[in-house]
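Single-structure report; data block below.
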Amino acid sequence: MSNTNIKVAKFGGSSLADAASIERVCGIVESDPARRVVVVSAPGKRSSDDAKVTDMLMAAAEQALSESAAAVDLAPIVARYAEIQAGLRLDPAMTIAIERDLVQRLALADGDPRRFMDSMKAAGEDNNARLVAAALQARGLQADYVNPQDAGMVLGGDYGNGYVLPETYANLASLASRSAIAVFPGFFGYTAGGDVITFPRGGSDITGAILAAAVKADVYENFTDVDSVCAADPRIVPQAAPIPELTYAEMRELAYGGFGVFHDEALEPAVRAQVPVQIKNSRHPDLPGTVLLPVRAHNEDEVVGIASDEGFCMLFVSKYLMNRELGFGRRLLEILEQEGVPFEHMPSGIDSLSLILRESSFDATTESRVLERVRAELGADEAYADRGLALIMVVGEGMRFHVGIAARATRALAAAGANIEMINQGATEISMMFGVKVGDCAAAVKSLYTEFFPE
Ligand code: ASP
Numbered sequence: 025m026s027n028t029n030i031k032v033a034k035f036g037g038s039s040l041a042d043a044a045s046i047e048r049v050c051g052i053v054e055s056d057p058a059r060r061v062v063v064v065s066a067p068g069k070r071s072s073d074d075a076k077v078t079d080m081l082m083a084a085a086e087q088a089l090s091e092s093a094a095a096v097d098l099a100p101i102v103a104r105y106a107e108i109q110a111g112l113r114l115d116p117a118m119t120i121a122i123e124r125d126l127v128q129r130l131a132l133a134d135g136d137p138r139r140f141m142d143s144m145k146a147a148g149e150d151n152n153a154r155l156v157a158a159a160l161q162a163r164g165l166q167a168d169y170v171n172p173q174d175a176g177m178v179l180g181g182d183y184g185n186g187y188v189l190p191e192t193y194a195n196l197a198s199l200a201s202r203s204a205i206a207v208f209p210g211f212f213g214y215t216a217g218g219d220v221i222t223f224p225r226g227g228s229d230i231t232g233a234i235l236a237a238a239v240k241a242d243v244y245e246n247f248t249d250v251d252s253v254c255a256a257d258p259r260i261v262p263q264a265a266p267i268p269e270l271t272y273a274e275m276r277e278l279a280y281g282g283f284g285v286f287h288d289e290a291l292e293p294a295v296r297a298q299v300p301v302q303i304k305n306s307r308h309p310d311l312p313g314t315v316l317l318p319v320r321a322h323n324e325d326e327v328v329g330i331a332s333d334e335g336f337c338m339l340f341v342s343k344y345l346m347n348r349e350l351g352f353g354r355r356l357l358e359i360l361e362q363e364g365v366p367f368e369h370m371p372s373g374i375d376s377l378s379l380i381l382r383e384s385s386f387d388a389t390t391e392s393r394v395l396e397r398v399r400a401e402l403g404a405d406e407a408y409a410d411r412g413l414a415l416i417m418v419v420g421e422g423m424r425f426h427v428g429i430a431a432r433a434t435r436a437l438a439a440a441g442a443n444i445e446m447i448n449q450g451a452t453e454i455s456m457m458f459g460v461k462v463g464d465c466a467a468a469v470k471s472l473y474t475e476f477f478p479e
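In the working numbering, the protein residues as written are 25 to 479.
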């Protein structure tokens with residue numbers, strides 16, 4: 025069979041939290057014969073005060089390690105699966121098999137604790153994939169659970185932080201030629217030695233992206249609980265318009281700027297293979313959602329989105345005649361490297377350099393050590409850190425072809441009364457970055473939105 029017309033459909037935990045949601049997911053899979061690879065997360069929260077099955081499994085594993093495996097009560101976890109199995113009228117033997125599987129995993133508590141933890145975490149998606157495959161079969165569809173080890177999902181890296189090994193892509197390519205729908209559990213694979221190893225949290229998105237690349241999918245559908253990506257954070261701009269299409273480069277800038285709907289790292293395999301990614305809502309599958317593409321046709325829209333993120337600070341260093349001092353920048357960055365502080369951006373003047381850092385990697389002790397070294401080793405005239413900074417990214421490929429975007433943006437920031445602490449525009453000209461005080465951020469985003477997305 026040729027591998028044209030194949031979609032990899034990944035469903036997140038909120039789309040698979042209970043029997044009714046899984047029923048809906050099965051309807052989505054059934055409605056399009058191209059959906060031949062289905063990637064599932066573990067059951068997520070049924071309501072805002074509910075627990076995700078992955079969190080329950082991790083708590084159980086922690087209890088087994090700190091007390092004993094015998095102290096762990098698996099009943100609440102088994103109950104989550106039992107409710108799904110019963111709600112979908114699947115064979116009760118499935119619940120018994122899931123309980124047996126969890127008991128077997130718990131028995132690994134005596135071995136390497138990290139290996140044990142990963143095996144417990146992986147149980148969430150592994151058992152859910154078995155239930156989803158059975159639910160599809162119950163609708164009369166040809167569908168099978170696919171074990172990641174049998175399929176060749178080989179990972180390297182560390183427990184809890186696996187990464188895909190290159191041979192995996194060739195191993196998984198044959199899934200494209202199966203006649204049955206492959207139901208693949210997300211979030212984990214196996215080491216070459218046969219141990220379960222998980223991706224970082226939220227890693228089912230990575231599994232989906234790997235599969236999309238491996239089978240050369242026409243599209244990687246990522247079903248979640250929002251209708252589409254919006255042009256600004258709806259918590260700040262409730263009326264923010266949906267974005268129909270974004271290029272990968274725009275997506276990367278917006279994700280960096282704090283758009284949480286997609287995870288730029290997780291999508292890497294699909295982006296590298298140039299597979300379009302479609303973000304959709306499993307509750308409203310007929311809506312078009314947002315498509316991420318290598319290039320997009322309508323890139324005359326100068327600004328596609330405005331992202332903002334807090335938690336930054338600026339390390340400011342000045343020294344008279346700095347521009348003539350060979351190696352100043354290198355020595356400054358070396359100090360940060362030695363102190364284990366990554367830098368995000370480096371806007372500069374003639375006699376000054378500002379480094380934008382994440383506050384999370386620059387605590388007060390590190391700050392005083394770095395400042396002391398900068399003064400002593402570099403002879404800086406001035407060195408200080410300014411905390412409480414938010415970064416606002418104004419993003420759009422079309423910006424390159426329009427004059428005056430910066431003028432409009434700075435006018436909007438002035439109208440909001442937001443003082444610009446820093447401006448940065450990359451050479452690619454697809455985004456403009458503004459640093460403002462956290463307290464000014466929301467008003468600044470609202471004002472920018474009104475400027476670039478007039479009603
Ligand atoms: N279930 C895992 C988590 O909660 C992975 C995922 O859902 O993507 O992190």
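Glycine included, each C-beta is placed from N, C-alpha and C at the ideal position.
- Beyond the five residues adjoining it in sequence on each side, residue 344 comes within less than 8 angstroms, by CB distance, of 375 and 405 in the same chain, given in chain order.
- The beta-carbon separation of residue 30 and residue 53, rounded to 13 angstroms, does not stay under the 8 angstroms limit for a contact.
- Residue state for residue 334 is assigned as strand, using DSSP reduced to three classes.
- Taking a contact to require three or more Cβ pairs closer than 8 angstroms, the segment 212-223 and the segment 151-166 do not qualify as touching.
- If you draw a straight line from the Cα of residue 456 to the Cα of residue 448, it is about 6 angstroms long.
- Looking at the DSSP output, residue 476 bridges to nothing.
- Boundaries of the beta strand (DSSP E) harbouring residue 168: 167-169, taken from the DSSP string.
- C-alpha of residue 300 to C-alpha of residue 202: approximately 22 angstroms in a straight line.
- Pairing residue 177 with residue 149, the inter-Cα distance amounts to about 14 angstroms.
- Residue 356 counts as buried, since at least 16 other C-beta atoms from the protein chains shown sit within 10 angstroms of its C-beta.
- Counting C-beta pairs closer than 8 angstroms gives three or more between the segment 398-416 and the segment 332-349, which meets the contact rule.
- DSSP places residue 193 within a helical segment (H, G or I) once states are collapsed to three.
- In this model, residue 245 and residue 422 are separated by some 26 angstroms (Cα to Cα).
- Between the beta-carbon of residue 64 and that of residue 235 there is about 12 angstroms, and that puts the pair past the 8 angstroms contact cut.
- Using a cutoff of 8 angstroms, the CB of residue 149 counts as near ligand 1, since one of the ligand's heavy atoms is closer than that.
- If you check the CB distance, residue 391 and residue 380 do not come in under 9 angstroms.
- DSSP lists 31 as the bridge partner or partners of residue 59.
- Within the model, the alpha-carbon separation for residue 385 versus residue 361 is close to 12 angstroms.
- Here the C-alpha atom of residue 429 lies approximately 56 angstroms from the C-alpha atom of residue 89.
- If one requires a minimum length of 3 residues, the beta strand (DSSP E) runs lying completely within the segment 202-250 are 205-209, 212-214, 220-222 and 243-248, in chain order.
- CA-to-CA, the gap between residue 276 and residue 255 works out to about 14 angstroms.
- For residue 422, the three-state secondary structure derived from DSSP is helix.
- Judged by their CB atoms, residue 441 and residue 467 are nearer to each other than the 9 angstroms cut-off.
- In the structure shown, residue 344 adopts coil according to DSSP, grouped into three states.
- Residue 425 is classed as exposed because its beta carbon has fewer than 16 other beta carbons within 10 Å across all chains shown.
- For the 9 angstroms CB-CB criterion, residue 313 and residue 252 form a contact.
- Annotation: the continuous alpha helix (DSSP H) that includes residue 78 extends over 77-90.
- Take residue 145, set aside five residues on each side of it, and the residues of its chain with a beta-carbon closer than 8 angstroms to its own are 78, 81, 82, 85, 184, 211, 212 and 222, in chain order.
- Residue 181 and residue 397 have their C-alpha atoms some 35 angstroms from each other.
- Residue 273 and residue 279 have their C-alpha atoms roughly 10 angstroms apart.
- In this structure the segment 87-105 touches the segment 115-126; the number of beta carbon pairs closer than 8 angstroms is three or more.
- Residue nearest to residue 43 within the set 366, 131, 142 and 158 is 158 (criterion: CA-CA distance).
- Here residue 123 is not near residue 155, since their CB atoms are 9 angstroms or more apart.
- With a beta-carbon spacing of about 33 angstroms, residue 167 and residue 133 fall beyond the 8 angstroms limit used to define contacts.
- If you draw a straight line from the Cα of residue 304 to the Cα of residue 364, it comes to about 39 angstroms.
- Sequence-distant Cβ neighbours of residue 147 in its own chain, meaning closer than 7 angstroms and more than five residues away, are 81, 125, 126 and 129.
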